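Below: one structure, written as structure tokens.
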Amino acid sequence: MGSLLPPPRRRTRAWALGLGIPFLAGLVALTLTPSRVEQRLPNLLDLVLSTAHRLGWASLDFTRLEILANVFVFVPVGILAFVLIPRPVWGFAFLVGPAISIGIEVFQRLVLPHRAATVSDVIANSTGATIGVVLAVLSTLLVAVLSGPSPSRRLEAS
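Going by this note's numbering, the first residue of the sequence shown is number 1, and it counts up by one from there.
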């Protein structure tokens with residue numbers, strides 16, 4: 001399967017690092033600080049919920065919104081893991097999101113006991129990271145198919 005997944009270009013990895021480092025710093029600030037999001041940004045949460053209700057999603061409440069946010073915030077983690085992990089062991093990208101999520105939840109439990117460290121957060125975060133890896137794999141395969149065989153494959157076929 002590794003041969004089907006060409007390694008990312010240097011420029012792709014540079015962009016991943018350039019965008020990924022600030023993203024991960026934001027993730028740390030979001031998850032490993034004493035204040036909860038609903039305390040720091042109550043107006044934003046109210047705005048999201050009221051907009052969703054106006055658009056007909058009446059069943060969206062804070063709990064469901066929190067789960068969705070946990071899923072969506074970890075999609076980039078999966079994408080970054082896939083781009084940055086060497087191709088021969090790219091399957092380990094599926095473990096990065098759950099490992100980071102477990103680390104966050106353990107830290108919250110031990111150091112920030114007023115934060116809610118839950119298994120459901122690990123499941124939601126892991127789901128988001130898995131979605132990110134799958135999206136990255138599919139997009140890599142699509143690009144490989146659309147761009148045709150690489151020069152090295154053409155030489156092997158001759």
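In this text, a Cβ means the ideal position worked out from N, Cα and C, and glycines have one as well. What you are looking at is a predicted structure, and each value in this text was computed from that prediction instead of being measured.
Collapsing the DSSP output to three states places residue 61 in coil. A direct Cα-to-Cα measurement between residue 100 and residue 21 gives close to 14 angstroms. One Cα belongs to residue 87, the other to residue 93, and the distance between them is close to 10 angstroms. Selection 126, 70, 106 evaluated against residue 117 yields 106 as nearest (Cα-Cα). For residue 84, the three-state secondary structure derived from DSSP is helix. Distance from the CA of residue 102 to the CA of residue 129, rounded to the nearest whole angstrom, comes to 13 angstroms. Per DSSP, residue 4 lies in no alpha helix (DSSP H) and is assigned neither H nor E.
About 6 angstroms separates the Cβ atoms of residue 84 and residue 16, confirming a contact at the 8 angstroms cut-off. Looking only at 140, 71, 145, 122, the smallest Cα-Cα distance to residue 131 is reached by 71.
With fewer than 16 other Cβ atoms inside 10 Å of its own Cβ, residue 18 counts as exposed. Nearest in C-alpha terms to residue 104, of all of 13, 10, 12, 34, is 34. Excluding its 5 nearest sequence neighbours in each direction, residue 52 has C-beta neighbours in its own chain below 6 angstroms: 60, listed in chain order.
In the structure shown, residue 116 adopts coil according to DSSP, grouped into three states. Comparing alpha-carbon positions, the option among 96, 62, 77 lying closest to residue 23 turns out to be 77. Secondary structure note for residue 90: it is in no alpha helix (DSSP H), with a DSSP letter that is neither H nor E.
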